[in-house]
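Chemist: Going down the list, the protein sequences come from chains G and Z.
Sequential numbering of the first sequence, starting at 41, is according to our numbering.
Sequential numbering of the second sequence, starting at 183, is according to our numbering.
Backbone N, C-alpha and C define an ideal beta-carbon position, used for all residues, glycine too.
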Amino acid sequence: MTLIELAARNVLRNKVRTLLTVAGVAVAVLTFLLLRTVIYSWTAGVDAAATDRLVTRHKVTFVLELPLRYFEDVRMVPGVRVATFANWFGGKDPQHPNDFFQTLAVEPDTFFDVYSEMKLPATELAAFKQNRQGAVVGDVIAAKLGWKVGDRITLESPIFPTPPDQPWTFMVEGIYEATSKAVDRSTVVFHWKYINDAMPEVRKDEIGWVVSRVDDPSRAAEVASAIDRAFETRDTQTMTQDERAFASSFMASFSAVLSALDIVSVGILLIMLLVLGNTIAMGVRERTNEYGVLRALGFSPSHIAGFIVGESLVVGALGGALGLLISYPIVNRGIGNWLEENMGAMFPYFQVTPLLATIAFALALALGLVAAAVPAWGASRLNVTDALRRVA
Amino acid sequence: MTDSTSDGAHSDADLDPANEPRQSGPVERADGAESIVRIRSLVKTYFRGDEPLKVLDQLDLDIPKGSFEALMGPSGSGKSTLLNLIAGLDRPTSGTVVVDGKQIDRMGESQLARWRAATLGFVFQSFNLLPVLTALENVELPLLLAPLRAAERRKRAETALKIVGLEDRVKHYPRQLSGGQEQRVAIARAIVNDPKIIVADEPTGDLDRQSAADVMTLLEKLNQQLGKTIVMVTHDPAAAERASIIRRLDKGILV
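Written as structure tokens, this is what we have:
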């Protein structure tokens with residue numbers, strides 16, 4: 041037997057209580073991981089945004105549209121290497137009305153040059169460009185809905201409505217994969233011109249936003265200013281931001297939700313800290329007499345504190361490990377897969393990262409350490425004779 | 183068996199810390215006998231609220247090395263307090279306590295803990311074995327503090343259990359032992375580190391007559407055959423009969 045074994049024996053003394061406490065820590069760790077992954081996934085697009093990509097939108101709000109001619113004007117601004125444009129389509133597959141995925145009407149010749157992290161075979165890309173009704177779909181949504189190259193798909197859009205029996209029809213010409221985890225792999229893109237041609241005159245030639253890549257990322261701010269200056273005297277002014285700022289301004293509308301999730305994730309740990317602290321304190325109170333015996337036998341106050349801290353650390357470590365273990369099937373496989381497939385635009389990559397797992401485990405240990413601090417301090421200061429008189 | 187009282191008067195020089203022996207080992211008394219415990223002018227006062235309660239009052243005591251002493255007295259007479267002070271579990275309000283040549287009332291908590299581990303063996307009324315440990319592991323407990331290899335610790339614990347006649351109970355947990363057996367395990371735990379003094383607080387208090395007799399026989403054997411000094415607090419006249427010296431306390435003074 042060793043001092044560590046002695047400490048470990050106490051962990052298993054009250055198996056039900058230990059089990060429940062470990063389960064409590066595990067649930068707290070799981071909830072923490074889940075909430076932090078929501079925040080991480082939600083902001084991943086911002087963090088992974090390209091610094092050489094500029095987004096030009098209506099100065100008032102990105103909901104308002106820009107004239108098509110702005111696209112050509114942006115291309116002419118010095119420093120812009122390549123540009124494309126896109127429009128929200130808001131489409132849904134009438135066969136799968138409950139499946140949400142992002143649909144964009146894009147400029148087919150340049151879209152995949154600007155979004156080079158979306159990869160598809162050259163032959164598929166060429167076919168897409170040539171077919172006015174062609175579409176390229178993400179590999180995740182394709183797998184989920186069973187779409188293959190050559191399939192005909194139909195979409196309905198509240199933004200671009202059609203008669204009920206005449207939905208928008210597209211041919212899947214390509215399936216893209218992503219080289220960045222921040223890319224939504226459930227997006228469907230198709231020709232803007234196909235949509236535009238069907239629009240009444242009053243809605244023709246409107247685009248959502250222009251995206252451009254600059255020659256030199258260090259001059260991105262300068263180029264953005266130049267773009268906006270080009271439209272300063274027009275009826276519609278623009279706001280050009282790098283992609284990160286654009287994504288951040290989009291995320292700003294959810295900042296209250298993110299802050300709330302942040303607070304809740306910390307709150308859960310604090311609650312668990314109190315629960316664990318109470319459990320450790322109960323155990324210490326019950327074993328006061330034993331600590332008196334150990335002190336009488338020659339164990340020092342620091343030994344007693346060490347036993348209590350060790351016990352709490354073991355509970356924290358077991359809870360942390362269990363929390364991580366169950367997070368894999370629940371967060372990564374269950375919720376993560378579902379969100380990536382169904383809400384890929386918001387949660388393109390919903391997985392517990394190794395860094396987050398390490399932080400969660402370290403926090404579980406820290407939880408054990410802090411929870412034991414007060415009971416250990418109290419027990420180490422026990423008067424031996426008082427402790428020996430104490431009956432559990 | 184001899185009835186004895188305190189050594190009585192003492193000189194100022196006895197109380198001067200500068201005159202306290204620094205070396206480890208028993209102190210030679212004026213009469214030539216070696217004292218393993220020497221107490222001078224010991225006062226212990228507790229407070230109940232603001233009200234002081236003097237439990238030990240100017241007590242002087244010498245315990246010869248190798249003796250088997252019983253401390254008796256009515257409840258509240260201060261005998262357990264005296265035992266705790268000799269064992270370094272409590273601190274005197276004033277006075278000096280020298281055990282095995284060390285003035286323990288001046289030691290810090292950690293120093294006292296190390297001293298207890300090396301010098302003392304404890305036997306409690308309620309046995310106080312750890313329920314999560316086997317008999318062998320309970321006996322091994324004090325040795326965890328010594329720089330010994332695991333095999334050596336185990337060997338010594340087995341030897342101690344053999345001395346108390348429980349070599350066939352090494353893997354039993356306290357709940358699987360009778361009260362008498364538990365107390366014998368506790369005695370094995372008390373002797374496993376080869377202490378100079380065994381302090382026993384009502385060692386037969388929770389035992390039936392036969393078990394109590396067996397435990398006292400064992401303590402006698404440890405005193406007579408292994409030369410251990412034993413200081414025992416007891417209410418039990420039959421247990422006290424086994425001691426070589428009986429001291430009686432009443433209202434904090436030896437009578």
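Reducing DSSP to helix, strand and coil, say where residue 305 of chain Z ends up.
Modeler: In this structure, residue 305 of chain Z counts as strand in the three-state DSSP scheme.
Chemist: Restricting to runs no shorter than 4 residues, where is the alpha helix (DSSP H) found entirely within the region 385–436 of chain Z?
Modeler: For the region 385–436 of chain Z, whole alpha helix (DSSP H) runs of length 4 or above, ordered along the chain, are 391–408 and 419–423.
Chemist: Of all the CB atoms in chain G, is at least one closer than 8 Å to the CB of residue 229 of chain Z?
Modeler: False, the Cβ-Cβ gap to chain G never drops below 8 Å.
Chemist: Can you give the beta carbon distance from residue 72 of chain G to residue 400 of chain G, rounded, assuming they're within the 8 Å contact cut?
Modeler: The Cβ separation is near 6 Å, so the contact holds.
Chemist: In this structure, how does DSSP classify residue 246 of chain Z when only helix, strand and coil are distinguished?
Modeler: Reduced to three states, the DSSP call for residue 246 of chain Z is strand.
Chemist: Return helix, strand or coil for residue 198 of chain G, following the three-state DSSP convention.
Modeler: Looking at residue 198 of chain G - three-state DSSP - the assignment turns out to be coil, as it is neither helix nor strand.
Chemist: According to DSSP, simplified to helix, strand and coil, what is residue 390 of chain G?
Modeler: DSSP places residue 390 of chain G in coil when its eight states are reduced to three.
Chemist: Cβ of residue 424 of chain G less than 8 Å from any chain Z Cβ?
Modeler: Chain Z, which has a Cβ nearer than 8 Å to the Cβ of residue 424 of chain G, makes this yes.
Chemist: Residues in its own chain within less than 8 Å of residue 289 of chain Z by CB, not counting five upstream and five downstream?
Modeler: Around residue 289 of chain Z: 270 and 297.
Chemist: Is there at least one Cβ from chain G nearer than 8 Å to residue 291 of chain Z's Cβ?
Modeler: So, interface residue.
Chemist: Along chain Z, which residues have their Cβ under 7 Å away from the Cβ of residue 50 of chain G?
Modeler: The contacting residues are 314.
Chemist: Could you check what DSSP says for residue 429 of chain G in three-state terms: helix, strand or coil?
Modeler: Note: residue 429 of chain G maps to helix in three-state DSSP.
Chemist: Give a yes or no on whether 8 Å exceeds the smallest Cβ distance from residue 341 of chain G to chain Z.
Modeler: At least one chain Z Cβ lies under 8 Å of residue 341 of chain G.
Chemist: Entirely within the region 348–385 of chain G and at least 4 residues each: give me those alpha helix (DSSP H) ranges in chain order.
Modeler: Counting only runs of 4 or more, we get 376–382.
Chemist: Would you kindly work out how many angstroms separate the C-alpha atoms of residue 109 of chain G and residue 246 of chain G, rounded to a whole number?
Modeler: One C-alpha to the other measures close to 9 Å.
Chemist: Taking just the CA atoms, how far does residue 340 of chain G sit from residue 284 of chain G?
Modeler: Their backbone Cα atoms lie some 57 Å apart in a straight line.
Chemist: Buried or exposed for residue 228 of chain Z, going by 16 or more other Cβ atoms inside 10 Å?
Modeler: So residue 228 of chain Z counts as exposed.
Chemist: Tell me whether the beta-carbon of residue 147 of chain G lies closer than 8 Å to the beta-carbon of residue 125 of chain G.
Modeler: Result yes, Cβ atoms of residue 147 of chain G and residue 125 of chain G sit closer than 8 Å.
Chemist: What do you get for residue 424 of chain G, buried or exposed, if any count of 16 or more other CB atoms within 10 angstroms of its CB means buried?
Modeler: Residue 424 of chain G should be labelled buried.
Chemist: Would you list the one or two residues that DSSP bridges to residue 178 of chain G?
Modeler: Answer by DSSP bridge pairing, in chain order: G:216.
Chemist: Output, in chain order, the set of chain Z residues within a Cβ distance shorter than 7 Å of residue 39 of chain G.
Modeler: Nothing can be reported for residue 39 of chain G, as the shown portion of chain G is limited to 41 through 432.
Chemist: Report the neighbours of residue 59 of chain G on chain Z: residues whose CB is nearer than 7 Å to its CB, in chain order.
Modeler: Within chain Z, no residue comes near residue 59 of chain G; the closest Cβ sits about 16 Å away, beyond 7 Å.
Chemist: Looking only at its chain, what residues have a beta carbon closer than 6 Å to the beta carbon of residue 438 of chain Z, apart from the 5 residues adjacent to it on each side?
Modeler: Nothing in the structure corresponds to residue 438 of chain Z, since chain Z is present only between 183 and 437.
Chemist: Taking the alpha helix (DSSP H) that residue 382 of chain Z belongs to, which residues open and close that run?
Modeler: Note, residue 382 of chain Z: premise wrong, no alpha helix (DSSP H); beta strand (DSSP E) at 379–383.
Chemist: Using a beta-carbon distance below 8 Å, is residue 364 of chain Z in contact with chain G?
Modeler: Closer than 8 Å: no.
Chemist: Buried or exposed for residue 231 of chain Z, going by 16 or more other Cβ atoms inside 10 Å?
Modeler: Looking at its Cβ environment, which holds fewer than 16 other Cβ atoms inside 10 Å, residue 231 of chain Z is exposed.
Chemist: Closest Cβ-Cβ distance between residue 319 of chain Z and chain G: below 8 Å?
Modeler: Interface residue, yes.
Chemist: Distance, Cα to Cα, residue 400 of chain Z vs residue 284 of chain Z?
Modeler: Using only the alpha carbons, I get a separation of about 28 Å.
Chemist: Tell me whether residue 271 of chain G is buried or exposed, calling it buried when 16 or more other Cβ atoms sit within 10 Å of its Cβ.
Modeler: So residue 271 of chain G ends up on the buried side.
Chemist: Smallest Cα separation from residue 139 of chain G: which of G:315, G:62, G:427 and G:378?
Modeler: Among G:315, G:62, G:427 and G:378, the Cα nearest to that of residue 139 of chain G belongs to G:378.
Chemist: Check whether the region 361–371 of chain G and the region 324–344 of chain Z touch, using three or more Cβ-Cβ pairs below 8 Å as the test.
Modeler: The region 361–371 of chain G vs the region 324–344 of chain Z: no contact.
Chemist: Which residues in the same chain have their Cβ closer than 8 Å to the Cβ of residue 452 of chain G, if we skip the five residues on either side of it in sequence?
Modeler: Residue 452 of chain G falls outside the range modelled here, since chain G spans only 41 to 432, and no answer is possible.
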